[in-house]
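*Asks:*
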Amino acid sequence: MEWLYVLLMFLVMLFTAYEAIGYYREYRRSKTKKDQLNFFLKIVVLMILVVLLVWMINQVMNISTVTGISTV
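Here the sequence shown is numbered in our numbering, starting from 37 and rising by one per residue.
Below you can see the structure in the form of structure tokens.
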């Protein structure tokens with residue numbers, strides 16, 4: 037079951053890198069401060085979503101390994 041966790045984490049990291057590169061290209065094309073602020077807002081939201089997704093996957097993996105075995 038741990039291979040599934042590793043696969044999900046790898047996919048999350050690939051997605052994050054892909055989005056960050058896209059946002060950076062958009063930032064390079066931006067001309068105004070408003071566009072640049074929008075870029076930083078997107079990066080912050082992306083990082084929050086990634087942290088929440090990693091936390092959720094970690095919670096699910098912990099519950100699945102503990103259920104039926106022990107609560108310690």
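Every residue, glycine too, gets a C-beta built ideally from N, C-alpha and C. Source: prediction; values computed, not measured.
Can you tell me the Cβ-Cβ gap for residue 97 and residue 41, rounded? I've got them flagged as a contact below 8 Å.
*Replies:* 5 Å
*Asks:* For residue 67, which of helix, strand or coil comes out of DSSP?
*Replies:* Here residue 67 carries a coil assignment [DSSP, helix/strand/coil].
*Asks:* Should the stretch 82 to 91 be regarded as contacting the stretch 41 to 54, the criterion being three or more beta carbon pairs within less than 8 Å?
*Replies:* Because the criterion of three Cβ pairs below 8 Å is met, the stretch 82 to 91 and the stretch 41 to 54 touch.
*Asks:* Who are the Cβ neighbours of residue 75 in its own chain at under 7 Å, not counting the five residues just before and after it?
*Replies:* 59, 62, 63 and 66
*Asks:* Would you grab the beta carbon distance between residue 45 and residue 90 for me? Rounded to a whole angstrom, and I think it's under 8 Å.
*Replies:* 7 Å
*Asks:* Which residues in the same chain as residue 78 place their Cβ atom closer than 7 Å to its Cβ, once the five residues preceding and following it in sequence are excluded?
*Replies:* Closer than 7 Å at the Cβ level, and outside the excluded window around residue 78, lie 59.
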